[in-house]
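The sequence shown begins at 3 in my numbering and counts up by one. Virtual Cβ for every residue (Gly too), placed ideally from N, Cα, C. Just so you know, these numbers come straight off a predicted model, no measurement behind them.
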Amino acid sequence: MTRESDLKGIPSVCVDTICVDQTNYERRKTTIGQMSNIYESAIYILAVPDLHLQHLINGSAMMKTVIDYINQHSDYIYSLLQGDMDQLVQMDCDFLDAIQMPQDPALRQLLADYCSSFANAFTRKQKPL
Numbered sequence: 003m004t005r006e007s008d009l010k011g012i013p014s015v016c017v018d019t020i021c022v023d024q025t026n027y028e029r030r031k032t033t034i035g036q037m038s039n040i041y042e043s044a045i046y047i048l049a050v051p052d053l054h055l056q057h058l059i060n061g062s063a064m065m066k067t068v069i070d071y072i073n074q075h076s077d078y079i080y081s082l083l084q085g086d087m088d089q090l091v092q093m094d095c096d097f098l099d100a101i102q103m104p105q106d107p108a109l110r111q112l113l114a115d116y117c118s119s120f121a122n123a124f125t126r127k128q129k130p131l
């Protein structure tokens, strides 16, 4: 982690590999309580289900769709988690360029303000139509 320039500003990281026993109610309740205590003091929480990824993919078509979507948009999600609005806006502009959206700034701003698929929708309350 210390070699990743994007992560150098994070003072500490807790890697959570807790497995919750779903068959034992009391143990599950205790484990979730411990997790809650840890998560309450966290600035960021990023769940990485790689340990059981194949199990999740095999579980349902919907789960596979969600995992595929996360993989497809991982750079955007990473920038969103980092609060890197400049990078998010740049990715939005790159997308609009790729679909050959006219370069009209007013039109692009309307899309940013009113569409739920751009950075503004993820970082602030949307304007009503």
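Just to check my reading of the structure: Ile-40 and Leu-58 have Cβ atoms closer than 8 Å, yes? What is that Cβ distance to the nearest angstrom?
With 8 Å as the limit, Ile-40 and Leu-58 do not qualify as a contact, their Cβ atoms being about 22 Å apart.
Any chance the stretch 118-127 sits against the stretch 87-95, with 3 or more Cβ pairs inside 8 Å?
yes
How is Tyr-26 classed by DSSP in three states: helix, strand or coil?
Inspection of the sequence shows that residue 26 is occupied by Asn rather than by Tyr. In this structure, Asn-26 counts as coil in the three-state DSSP scheme.
Whole angstroms are fine: how far does the CA of Ile-101 sit from the CA of Pro-107?
15 Å
May I have a chain-ordered list of the alpha helix (DSSP H) segments no shorter than 4 residues that lie completely inside the stretch 61-88?
63-74 and 76-84
Alpha carbon of Asp-99 to alpha carbon of Gln-105, nearest angstrom:
8 Å
Cα-Cα separation, Asn-73 to Ile-12
24 Å
Let's see if you can read the secondary structure: which residues bound the alpha helix (DSSP H) around Pro-107?
107-116
Mind checking Phe-97: buried by the 16 CB within 10 Å criterion, or exposed?
exposed
Through-space distance from Asn-60 to Ala-44, alpha-carbon basis:
31 Å
Which residues in the same chain as Gly-35 place their Cβ atom closer than 6 Å to its Cβ, once the five residues preceding and following it in sequence are excluded?
none
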